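To convert, take the position in the sequence shown, counting from 1, and add 43; that gives my numbering.
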Amino acid sequence: MIEKKPSHLANIELWKQWKEERWVPAKQALIENYLPLVDYVSGRMAIGLPKSVSKEDLASYGAMGLIDAVDKFDYARGLQFETYASWRIRGAIIDGLRQGDWVPRSVREKAKKLEEAYQKLEQLYLRSVTDEEISAYLQISEREFQQMLQDISITTICSIDDPIREEDSETRLSLLVDDKAKNPEYKVNEFFLQESLARAIERLTEKERTVVSLFYYEDLSLSEIAEVMNLSPSRISQLHSKAILRLKGSLSRFKVQLFQDT
44 MIEKKPSHLA
54 NIELWKQWKE
64 ERWVPAKQAL
74 IENYLPLVDY
84 VSGRMAIGLP
94 KSVSKEDLAS
104 YGAMGLIDAV
114 DKFDYARGLQ
124 FETYASWRIR
134 GAIIDGLRQG
144 DWVPRSVREK
154 AKKLEEAYQK
164 LEQLYLRSVT
174 DEEISAYLQI
184 SEREFQQMLQ
194 DISITTICSI
204 DDPIREEDSE
214 TRLSLLVDDK
224 AKNPEYKVNE
234 FFLQESLARA
244 IERLTEKERT
254 VVSLFYYEDL
264 SLSEIAEVMN
274 LSPSRISQLH
284 SKAILRLKGS
294 LSRFKVQLFQ
304 DT
């Protein structure tokens with residue numbers, strides 16, 4: 044009988060039994076062992092999502108990602124499965140939410156309007172624009188602006204299968220190229236993308252850069268970031284939303300400039 048919580052060595056044996064012998068009970072045991080990863084990732088992603096999004100649905104999407112990770116993971120490379128699976132689980136949840144069209148059309152329209160406002164004003168002023176300037180441009184009060192940020196916070200999750208821009212067929216996934224491939228055009232585009240991203244990040248406010256760093260590099264949840272920065276979770280959510288809108292607007296503008304110069 045297979046242990047449900049084997050040691051590290053037993054895990055290796057399970058991977059061998061599944062990958063080399065295709066023994067289904069070994070696969071089932073691996074999935075059971077790593078199910079807590081699904082709860083962990085789905086729990087973190089549930090923070091900031093509307094209450095209408097069921098935690099059971101998130102866990103269901105995540106479980107599909109875990110199964111996919113077990114199928115595709117190459118244990119012989121010596122990598123950490125937990126890290127690999129976490130990204131697969133997160134991607135599966137995002138894709139599941141996208142396919143479910145869980146964001147109302149009105150919210151997506153607000154997000155697009157704000158993104159365009161950031162893009163136009165920061166291109167005009169060549170600096171980070173203030174909340175007051177965005178509010179004035181949109182002809183709304185600052186309180187209404189803050190509420191818009193809160194409303195669209197659920198749209199700042201993106202999938203690598205989404206197009207970089209709505210009118211493009213190129214997806215974020217297309218940018219993930221094998222590092223060993225010797226492709227000069229890719230290297231040039233990669234350098235430009237890094238430069239563009241660095242310039243875009245420089246235009247973020249100090250608090251926005253801190254939120255981005257803690258969320259994407261330190262892997263903290265929004266509630267954990269709120270504790271670190273001594274701010275409310277809603278304020279952290281707003282800072283995250285503004286940072287993503289600024290970055291998307293800047294990267295979109297830099298991409299247009301690239302093609303105009305070629």
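Just so you know, even glycine gets a beta-carbon here, dropped at the ideal spot from N, CA and C. These numbers were taken from a predicted model, which means no experiment stands behind them.
Out of curiosity, what's the CA-to-CA distance linking residue i and residue j?
{"i": "R170", "j": "V67", "result": "57 Å"}
{"i": "K153", "j": "D114", "result": "39 Å"}
{"i": "I55", "j": "E64", "result": "13 Å"}
{"i": "E125", "j": "V81", "result": "10 Å"}
{"i": "Y127", "j": "A160", "result": "37 Å"}
{"i": "E238", "j": "L263", "result": "26 Å"}
{"i": "R306", "j": "A119", "result": "Lying outside 44 to 305, the shown extent of the chain, residue 306 is not represented and no answer is given."}
{"i": "S256", "j": "Q71", "result": "36 Å"}
{"i": "E209", "j": "A69", "result": "Any reading at E209 must be qualified, since the residue scores a pLDDT of 48, below 50, and its modelled position is unreliable; no value is offered."}
{"i": "L78", "j": "D174", "result": "42 Å"}
{"i": "A243", "j": "Y259", "result": "16 Å"}
{"i": "R148", "j": "R186", "result": "22 Å"}
{"i": "Q60", "j": "L73", "result": "11 Å"}
{"i": "V172", "j": "N76", "result": "48 Å"}
Check whether the Cβ of residue i sits closer than 6 Å to any heavy atom of the ligand NAP, and report yes or no.
{"i": "K62", "result": "With respect to small molecules bound, the structure shown includes none, and the ligand NAP cannot be examined in it."}
Would residue i pass as a contact of residue j if the rule is Cβ separation under 7 Å?
{"i": "L240", "j": "R289", "result": "no"}
{"i": "I195", "j": "S103", "result": "no"}
{"i": "V254", "j": "L274", "result": "no"}
{"i": "M313", "j": "I136", "result": "Since the first and last residues shown for the chain are 44 and 305, residue 313 lies out of range."}
{"i": "I279", "j": "L265", "result": "yes"}
{"i": "Q189", "j": "G292", "result": "no"}
{"i": "S129", "j": "V84", "result": "yes"}
{"i": "E261", "j": "A286", "result": "no"}
Counting C-beta neighbours from all protein chains within 10 Å, is the total for residue i 16 or more, i.e. buried, or is it exposed?
{"i": "Q123", "result": "exposed"}
{"i": "R167", "result": "Before going on, a small fix: residue 167 reads as Leu here, not Arg. Under this definition L167 is an exposed residue."}
{"i": "K156", "result": "exposed"}
{"i": "R133", "result": "buried"}
{"i": "Q182", "result": "exposed"}
{"i": "G108", "result": "buried"}
{"i": "G105", "result": "buried"}
{"i": "R131", "result": "buried"}
{"i": "D222", "result": "Residue placement at D222 cannot be trusted, given a pLDDT of 48 that sits under 50; the coordinates are not used to answer."}
{"i": "E165", "result": "buried"}
{"i": "E245", "result": "exposed"}
{"i": "E270", "result": "exposed"}
{"i": "E213", "result": "Caution applies to E213, whose pLDDT of 49 falls short of 50 and renders its modelled position unreliable; the model cannot decide the point."}
So what's residue i in DSSP terms, helix, strand or just coil?
{"i": "F188", "result": "helix"}
{"i": "D117", "result": "coil"}
{"i": "D222", "result": "Note on D222: pLDDT 48, under 50, position unreliable in the model; no value is reported."}
{"i": "V172", "result": "coil"}
{"i": "Q182", "result": "coil"}
{"i": "W130", "result": "helix"}
{"i": "S295", "result": "helix"}
{"i": "L265", "result": "helix"}
{"i": "R278", "result": "helix"}
{"i": "S97", "result": "coil"}
{"i": "T253", "result": "helix"}
{"i": "R289", "result": "helix"}
{"i": "E125", "result": "helix"}
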